[in-house]
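Numbering (our numbering), first residue to last: 214 to 714.
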């Protein structure tokens with residue numbers, strides 16, 4: 214049985230480059246490098262770097278790789294890789310992480326199991342931030358999508374990584390490693406096919422993922438869900454022979470400030486056929502990733518607990534399949550939500566907002582003061598923002614701004630979309646309190662407006678990751694498949710707490 218990833222042994226060291234006992238050393242270099250830096254490396258590599266730069270063979274563009282001749286026998290490493298950073302002023306969190314992943318992937322391709330990263334290119338970041346991003350990137354890169362192949366001769370993992378920097382950065386390296394590990398664990402779940410990840414399987418595996426000190430778990434079965442009156446979650450689940458589950462994880466560290474609790478709510482549709490409003494066959498296999506929001510919030514809470522952040526937090530994941538069985542909900546059916554509102558279902562393929570509505574209501578019942586939900590919710594957000602940017606909705610404005618700032622700090626792209634009251638008009642129903650899908654115009658916004666009806670009072674935000682949860686093609690810093698997007702952002706929201714919100 215193959216594994217999807219390994220977590221490398223990660224440490225920091227103040228050893229000189231030549232003294233690092235590894236197979237490969239990675240050296241970042243900016244486009245606006247200094248002549249003295251190039252000269253110092255040329256003295257080791259016989260002028261290779263300077264000549265390559267002069268000829269234009271290597272321009273130190275972002276994530277560009279150059280392999281010089283083998284270093285002299287004074288160096289313990291047998292290979293060196295230079296990784297370009299682009300202009301120094303542009304080396305931000307996203308760039309540094311991409312550089313780390315790209316270089317680590319190159320090390321794996323060359324089958325080097327022990328590597329060192331020379332922390333010699335500061336960019337715009339502090340030492341702590343750089344080291345954390347490098348550790349996270351190297352860990353993220355140690356991932357293989359071929360877990361279900363009967364033969365996977367290409368699988369090779371980095372066993373050890375050393376960051377050559379000051380000894381004070383050890384904690385940052387440990388934090389980055391924990392974040393990278395949590396992201397990879399989420400990617401494993403998101404990549405799994407539906408027959409390997411039913412709602413019950415997801416509940417069990419998510420519970421195992423969150424089995425770290427400080428987190429308590431509860432899994433509600435169909436009877437418990439019914440006792441809570443969650444008619445929307447139960448309605449979506451009716452078409453499947455697989456029963457639904459509701460996962461509740463709590464993190465309540467001693468000494469955390471009372472009166473404020475962050476709830477992370479994630480969509481957990483383990484396979485989405487669209488139900489009676491059946492999706493086209495072309496591309497339907499991708500609908501195994503419709504539980505990406507659920508995996509995201511579980512992984513984020515895991516990392517929050519591992520970092521021992523001083524706040525109360527919870528993760529709630531409603532889990533179900535959306536299938537066109539004989540008992541499935543039909544267009545025109547009316548469901549009663551746990552909040553008491555009634556919903557006319559005019560599109561069974563708009564199921565994510567239904568199960569999230571019940572989960573958002575439950576988060577408030579459990580005492581959440583600040584809520585963020587994460588979901589692969591709408592194709593409309595992909596039309597609006599493409600596949601590079603996550604849609605952000607929420608209220609009040611300071612909470613939305615706080616999340617935008619956290620995303621920028623994490624190196625992830627989000628963009629706010631409006632929730633003007635006029636959009637609420639599109640949700641009106643003649644026979645119920647609202648419809649679940651009012652049509653194409655402003656589709657991502659009306660979906661968020663629907664969620665807002667169940668989010669209650671207090672700070673709430675919605676992250677629509679339909680365009681960013683999955684990479685359709687491989688890049689040096691991101692293989693095809695699950696991306697683990699927004700986990701870093703949620704961690705940074707938790708780190709910074711609730712200032713003025």
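Where is the CB? At the ideal position from N, CA and C, for every residue including glycine. For clarity, every value in this text was computed on a predicted model and none was experimentally measured.
Residue i: which of the options sits nearest, CA to CA?
{"i": "residue 411", "options": "503, 476 and 333", "result": "503"}
{"i": "residue 326", "options": "370, 615, 319 and 684", "result": "370"}
{"i": "residue 346", "options": "245, 402, 433 and 623", "result": "623"}
{"i": "residue 409", "options": "672, 455, 512 and 492", "result": "455"}
{"i": "residue 271", "options": "292, 246, 257 and 290", "result": "246"}
{"i": "residue 672", "options": "691, 300, 711 and 692", "result": "711"}
{"i": "residue 699", "options": "641, 589 and 599", "result": "589"}
{"i": "residue 440", "options": "551, 232, 628 and 312", "result": "551"}
{"i": "residue 198", "options": "302, 427 and 287", "result": "The shown model of the chain, from 214 to 714, leaves out residue 198, and the question about it has no answer."}
{"i": "residue 393", "options": "677, 314, 323 and 367", "result": "314"}
{"i": "residue 362", "options": "329, 282, 377 and 405", "result": "405"}
{"i": "residue 269", "options": "244, 647, 259 and 283", "result": "244"}
{"i": "residue 658", "options": "216, 231, 593 and 449", "result": "593"}
{"i": "residue 290", "options": "261, 229, 301 and 344", "result": "229"}
{"i": "residue 423", "options": "518, 261 and 258", "result": "518"}
{"i": "residue 668", "options": "582, 396, 683 and 513", "result": "582"}
{"i": "residue 398", "options": "510, 525, 604 and 367", "result": "510"}
{"i": "residue 279", "options": "304, 285, 312 and 308", "result": "312"}
{"i": "residue 277", "options": "618, 689, 652 and 701", "result": "689"}
{"i": "residue 353", "options": "600, 309 and 663", "result": "309"}
{"i": "residue 235", "options": "307, 341 and 376", "result": "376"}
{"i": "residue 260", "options": "275, 661, 284 and 274", "result": "284"}
{"i": "residue 251", "options": "500, 273 and 233", "result": "273"}
Mind checking residue i: buried by the 16 CB within 10 Å criterion, or exposed?
{"i": "residue 746", "result": "There is simply no residue 746 to check, as the chain begins at 214 and stops at 714 in what is shown."}
{"i": "residue 429", "result": "exposed"}
{"i": "residue 615", "result": "buried"}
{"i": "residue 318", "result": "buried"}
{"i": "residue 644", "result": "exposed"}
{"i": "residue 706", "result": "buried"}
{"i": "residue 241", "result": "buried"}
{"i": "residue 641", "result": "exposed"}
{"i": "residue 545", "result": "exposed"}
{"i": "residue 350", "result": "buried"}
{"i": "residue 627", "result": "buried"}
{"i": "residue 216", "result": "exposed"}
{"i": "residue 452", "result": "buried"}
{"i": "residue 366", "result": "exposed"}
State the DSSP-derived secondary structure class of residue i, mapped to helix, strand or coil.
{"i": "residue 583", "result": "strand"}
{"i": "residue 675", "result": "strand"}
{"i": "residue 340", "result": "helix"}
{"i": "residue 578", "result": "helix"}
{"i": "residue 630", "result": "coil"}
{"i": "residue 264", "result": "helix"}
{"i": "residue 650", "result": "coil"}
{"i": "residue 491", "result": "coil"}
{"i": "residue 691", "result": "strand"}
{"i": "residue 287", "result": "coil"}
{"i": "residue 605", "result": "strand"}
{"i": "residue 484", "result": "strand"}
{"i": "residue 300", "result": "coil"}
{"i": "residue 620", "result": "helix"}
{"i": "residue 292", "result": "strand"}
{"i": "residue 588", "result": "strand"}
{"i": "residue 251", "result": "helix"}
{"i": "residue 225", "result": "strand"}
{"i": "residue 644", "result": "coil"}
{"i": "residue 399", "result": "helix"}
{"i": "residue 331", "result": "strand"}
{"i": "residue 611", "result": "helix"}
{"i": "residue 684", "result": "strand"}
Exercise for review: At 3 residues or longer, and completely inside the segment 499-572: list those beta strand (DSSP E) runs for me, N to C.
Suggested key: Taking 3 residues as the shortest admissible run, the segment 499-572 contains the following complete beta strand (DSSP E) segments, listed from N- to C-terminal end: 525-535, 546-549 and 555-558.
**Study point:** Runs of beta strand (DSSP E) wholly within the segment 346-392 (minimum 3 residues, chain order)
**Key:** 373-377
Review point. Pairing CB atoms from the segment 445-461 with CB atoms from the segment 418-434, are three or more of them under 8 Å?
Key: yes
**Study point:** At least 3 beta-carbon pairs within less than 8 Å: the segment 467-477 vs the segment 486-496
**Key:** no
Exercise for review: At 3 residues or longer, and completely inside the segment 458-482: list those beta strand (DSSP E) runs for me, N to C.
Suggested key: 458-464 and 474-479
Exercise for review: Answer yes if the segment 436-456 comes into contact with the segment 566-583, meaning at least three C-beta pairs across the two stretches below 8 Å, and no otherwise.
Suggested key: yes
Point to revise | Those runs of the beta strand (DSSP E) which lie wholly inside the segment 404-456 and span at least 3 residues | key: 428-433
Check your understanding: When the Cβ atoms of the segment 601-610 are set against those of the segment 498-517, are three or more pairs found closer than 8 Å?
Key -> no
Practice item. Could you say if the segment 222-241 and the segment 282-301 meet the contact criterion of at least three C-beta pairs nearer than 8 Å? Key: yes
**Study point:** Sufficient close CB pairs (3 or more, under 8 Å) joining the segment 572-585 to the segment 626-635
**Key:** no
Practice item. Take every Cβ of the segment 374-384, pair it with every Cβ of the segment 676-685, and state whether three or more of those distances are shorter than 8 Å. Key: no
Review point. Given 8 Å as the limit, is there contact between the segment 680-699 and the segment 523-535, that is, 3 or more CB pairs closer than that?
Key: no
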